[in-house]
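**Student:**
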Amino acid sequence: MNLIIRSASIDSEVSSGDFRSAMRQLTGGVSVITAGRGRDISGMTVTSVSSLSVDPPALIVSINRESSSWPLVKRYGFFGVNILTSDQIDIAERFTGKGGLKGVDRFAGARWMTCASGVPLLVGALAAIDCEVEDVVERHSHAIIIGRILNVEVSARTAALAYWQGRYVAIDQDEDAAKLAEVSVPVRKTARKV
Ligand SMILES: Cc1cc2nc3c(=O)[nH]c(=O)nc-3n(C[C@H](O)[C@H](O)[C@H](O)COP(=O)(O)O)c2cc1C
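The opening residue of the sequence shown carries number 5 in the working numbering; numbering runs sequentially from there.
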């Protein structure tokens with residue numbers, strides 16, 4: 005059954021600035037999307053990666069159709085999702101295209117590997133996920149890409165990189181667990197050892 009919840013043509017009274025302010029409050033995990041083969045590669049920093057389903061393993065990412073990665077995703081039908089650790093801010097910055105870096109030049113200074121799809125995957129990422137494009141919804145400025153998972157490499161690292169209110173935030177499991185332990189002393193006193 006197709007359910008149309010609301011017509012897409014309704015004029016919105018919400019300004020893009022107000023919407024942007026609201027979205028700044030949403031904490032996002034930082035990943036780099038990679039696409040292409042050989043030297044015909046590019047990539048971009050995103051916070052829009054989200055899990056779609058576990059069975060089958062699939063995810064979603066939303067990318068701007070003006071980005072240099074989009075034609076490569078369309079042409080090859082594959083992409084990589086590289087979930088960054090807290091000490092990979094430099095990589096995140098390179099892949100926003102700041103300083104005019106384009107294509108293959110964004111990949112300099114880090115180690116990359118390939119799996120089944122042939123797209124570059126970041127060695128040392130918190131997780132590097134090889135994906136095949138299953139479906140695409142082109143809507144407004146963006147393309148929502150559904151990726152079927154071909155392979156995952158998961159690191160033992162525990163420090164993640166997030167983005168919140170326009171800045172990068174490190175989430176360190178050890179440090180944050182220590183802070184939680186400080187505030188949860190009364191609870192821990194009553195906790196039973198098993
Ligand atoms: C933290 C952060 C998150 C971003 N998330 C997205 C995203 O989810 N989708 C998107 O299209 N662009 C996102 N961008 C912008 C892209 O990184 C940027 O437009 C892109 O790298 C430009 O690529 P191009 O020079 O290859 O066109 C994000 C930027 C930053 C700094």
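C-beta atoms are modelled at their ideal positions from N, C-alpha and C, and glycine is treated no differently.
From S20, G84, Q177, pick the residue whose C-alpha is nearest to that of S35; which is it?
**Tutor:** Start at 1 with the first residue of the sequence shown, and residue 35 comes out as number 31. Answer by Cα proximity: G84.
**Student:** Hey, out of K106, R43, S54, D22, whose CA is closest to T31's CA?
**Tutor:** In the sequence shown, counting from the first residue as 1, residue 31 sits at position 27. The residue among K106, R43, S54, D22 with its C-alpha nearest the C-alpha of T31 is S54.
**Student:** DSSP has F82 in a bridge; who is on the other side?
**Tutor:** Indexing the sequence shown from 1 puts residue 82 at position 78. Looking at the DSSP assignment, F82 forms a beta bridge with E136.
**Student:** Can G101 be considered in contact with ligand 1, in the sense that its beta carbon sits closer than 7 Å to one or more heavy atoms?
**Tutor:** The count along the sequence shown starts at 1 and reaches residue 101 at position 97. Yes, the beta carbon of G101 sits closer than 7 Å to at least one heavy atom of ligand 1.
**Student:** From the DSSP output, in three-state form, read off E186 for me.
**Tutor:** Taking the first residue of the sequence shown as 1, we reach residue 186 at position 182. DSSP places E186 in helix when its eight states are reduced to three.
**Student:** Go ahead and label R24 buried or exposed: buried means 16 or more other beta carbons lie within 10 angstroms of its beta carbon, across all protein chains shown.
**Tutor:** To locate residue 24, count along the sequence shown from 1; it is residue 20. Classification of R24: exposed, given that the 10 Å Cβ count is below 16.
**Student:** If I measure Cβ to Cβ from A182 and keep anything under 6 Å in the same chain, skipping five residues before and after, which residues do I get?
**Tutor:** Looking up residue 182 in the sequence shown gives position 178. Excluding sequence neighbours, A182 sits near nothing in its chain.
**Student:** Distance check for D139 and G113, CA to CA, integer angstroms please.
**Tutor:** Numbered from 1 along the sequence shown, position 109 holds the residue referred to as residue 113. Numbered from 1 along the sequence shown, position 135 holds the residue referred to as residue 139. Between G113 and D139, the C-alpha separation is close to 32 Å.
**Student:** Would you check if the distance between the CB atom of L154 and the CB atom of A132 is smaller than 8 Å?
**Tutor:** For this step, residue 154 is matched to residue 150 along the sequence shown. For this step, residue 132 is matched to residue 128 along the sequence shown. It is not a contact, given that the beta carbons lie outside the stated cut-off.
**Student:** In or out: P124 buried (at least 16 other Cβ within 10 Å) or exposed?
**Tutor:** Taking the first residue of the sequence shown as 1, we reach residue 124 at position 120. Buried, since its Cβ has 16 or more Cβ neighbours within 10 Å.
**Student:** May I ask you to list the residues that DSSP assigns as paired with S55?
**Tutor:** For the purposes of this step, residue 55 is taken as residue 51 along the sequence shown, with counting starting at 1. In the DSSP output, where bridge partners are listed per residue, S55 has L63.
**Student:** DSSP on D22, reduced to helix/strand/coil?
**Tutor:** Locating residue 22 in the sequence shown gives position 18, counting from the first residue. Helix.
**Student:** Please go through the same chain and pick out, in chain order, the residues whose beta-carbon is closer than 7 Å to the beta-carbon of V156, but skip the five residues on each side of it.
**Tutor:** For the purposes of this step, residue 156 is taken as the residue at position 152 of the sequence shown. Same-chain partners within the cutoff: A131, I133.
**Student:** DSSP beta-bridge partners for I153?
**Tutor:** Translated into positions along the sequence shown, residue 153 becomes position 149. DSSP lists C135 as partners of I153.
**Student:** Can you tell me which of the three DSSP states D91 falls into?
**Tutor:** On the sequence shown, position 87 is the one that residue 91 refers to. Coil, per DSSP.
**Student:** Please determine, among D176, I175, D178, I150, the residue with the shortest C-alpha to C-alpha distance to V77.
**Tutor:** As a position in the sequence shown, residue 77 is number 73, starting the count at 1. The residue with the shortest Cα to Cα distance from V77 is I150.
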